[in-house]
Amino acid sequence: MPVTLPHLSRRAFGRLALASSAAVVGGMWRAAPARAAAPTGEPIRVGILHSLSGTMAISETTLKDAMLMLIAEQNRKGGLLGRPLEAVVVDPASNWPLFAEKARQLLSVDKASAVFGCWTSVSRKSVLPVFEELNGILFYPVQYEGQECSRNIFYTGAAPNQQAIPAVDYLLSEDGGGAKRFALVGTDYVYPRTTNQILVNYLKAKGIAEADIMVNYTPFGQSDWQTIVSQIKAFGSAGKKTAVVSTINGDANVPFYKELGNQGISATDIPVMAFSVGEEELAGMDTAPLVGQLAAWNYFESIDTPANTAFIKQWHEFTKNPRRTTNDPMEAHYIGFNMWVQAVTKAGTTDHDKVIDAMIGIRQPNLTGGVAEMLPDHHLTKPVYIGEIQDDGQFSVVWKTPALVPGQAWSPWVPETKDLIGDWRKPIACGNYNTATKTCLGHRHA
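My numbering numbers the first residue of the sequence shown as 16 and each following residue consecutively.
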């Protein structure tokens, strides 16, 4: 279960959490090499902007804990530029306007050198103008809909071409069941709607008729799925192989999967491909009825590499809980945080402009055996994996891309953006450069 932290003032909250984390790390790693020289001087503040309450806490609390672990470990190595890192933790409480308020607080009051946070795209959209106004740096660790490229955001989660498109390709393939009908089911906000806009266009280009595409949206926290699952069941009874593509977010996933089981829908009948269900979400579910259902991510805890084994061991020791799972957005924070450390070291300063410029081209080993690179559009190179849910709540990888996939900020499957690229290097230095007209569209992100 997530670690519960006491109610404290913002600064005390961050300092106590980091001090506790460092104590755990120091106590658990007695056999590790001697510590580097203790960092001194004014702390470098790192903002953690994840919901610790509300509908998204089921997903985001773990990311807060992961960041505390990474910061504590960096301090054990001697800090950054010889200075200690200090975590400043805030709780935007799954409240989208509150995300913007907390972001402004982290940048203007706490003077955070970088912020790691957000899960939903609506929270990211809420904070984006704040980071641009105050010239801050946000590392966003979750798969998203693309169609955005801000100079002040590093998108360490998957773009659609690194998750949604490969997942649909798999479902269309013989190995994936050769689906001919698709139910696109999601939470009603920008990520599912934009992703599904891309997927509808892509499916039509692949020969799927409009009548064979069902789209449905529900509010955050949806608890009654009986009618919608009945509609999916009826949609799948037309004699064509049917698959569900799920962009349901947060705790609504629990009753959704429960209702699938209640209505006897198994993975062999109608497979569900999820984009926002990972090991952390499965930890709170009865997985027996879900065996064989699918998820597309760029990391799974079950992938056996030395780096991943070491990361899982570190996580269990830090949390003092061998049952705590790891997941894809945690790996994204691992990559983003270590890239930021490299960029600050390279720049010799935490100055935002210099760090932003230094980030492009930074390479960092991922946890699955490859190397992530920060691209000019502030997206990463990533592998893509399709996993089947197992009865122990883990995933068994059934398919992966043969090579790393470079993230695309703008989708070629949307007519208005098919000619756009992001490239924050000079002389282009633009997040939405039109390659056909050779012009920059300026500050319009989507």
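Virtual Cβ for every residue (Gly too), placed ideally from N, Cα, C.
| Can you give the Cα-Cα distance for I168 and M389, rounded to whole angstroms? | 12 Å
| Out of curiosity, what's the CA-to-CA distance linking G42 and Q379? | Only weak support exists for where G42 lies, its pLDDT of 34 falling under 50; the value from the coordinates is given anyway. Computed Cα separation, rounded: 28 Å.
| task | Check whether the Cβ atoms of E346 and F333 lie closer than 9 Å to each other. | result | no
| query | What residue range is occupied by the uninterrupted beta strand (DSSP E) comprising P144? | reply | P144 -> not in any beta strand (DSSP E); alpha helix (DSSP H) instead, spanning S136 to E148.
| query | Taking the alpha helix (DSSP H) that I86 falls in, what are its first and last residues? | reply | A72 to R91
| Which residues mark the beginning and the end of the beta strand (DSSP E) in which Q379 is found? | R378 to P380
| On the three-pair Cβ rule with 8 Å, is the segment 55-71 touching the segment 119-139? | yes
| field | Status (buried if at least 16 other CB within 10 Å, exposed otherwise) for G151 | value | buried
| said: Between which residues of its own chain and S291 is the CB-CB distance below 6 Å, once the five residues before and five after are set aside? | reply: N264
| field | Stretch pair the segment 275-282 + the segment 233-251: three plus CB contacts closer than 8 Å | value | yes
| message | Given a cut-off of 9 Å on the beta-carbon distance, is the pair T340 and Q405 in contact? | response | no
| Would the beta-carbon of I350 fall within 9 Å of that of L395? | yes
| task | List the residues that DSSP assigns as beta-bridge partners of M354. | result | None, per the DSSP bridge assignment.
| task | Decide if A220 is buried, meaning its Cβ has at least 16 other Cβ atoms within 10 Å, or exposed. | result | exposed
| request: Would you please state the rounded distance, in angstroms, between the beta carbons of A127 and V103? I believe it to be under 8 Å. | output: 6 Å
| field | Where P48 falls: helix, strand or coil (DSSP) | value | Any reading at P48 must be qualified, since the residue scores a pLDDT of 46, below 50, and its modelled position is unreliable; the value itself is stated next. In the structure shown, P48 sits in coil (DSSP, three-state: anything other than H, G, I, E or B).
| So, do the segment 427-437 and the segment 205-218 have three or more beta carbon pairs nearer to each other than 8 Å? | yes
| field | Runs of alpha helix (DSSP H) lying entirely within the segment 261-342, each at least 4 residues, in chain order | value | 268-277, 294-297 and 321-334
| task | Given a cut-off of 9 Å, decide if C164 and D392 are closer than it, judged by their beta-carbon atoms. | result | yes
| task | Compute the distance between the beta-carbons of L382 and Y314, then report whether it is under 9 Å. | result | yes
| field | Own chain, CB closer than 6 Å to C445, minus 5 neighbours either side, in chain order | value | C455
| field | 9 Å Cβ cutoff, T233 in contact with chain C | value | Of the protein chains in the structure, only one exists, and it is not chain C.
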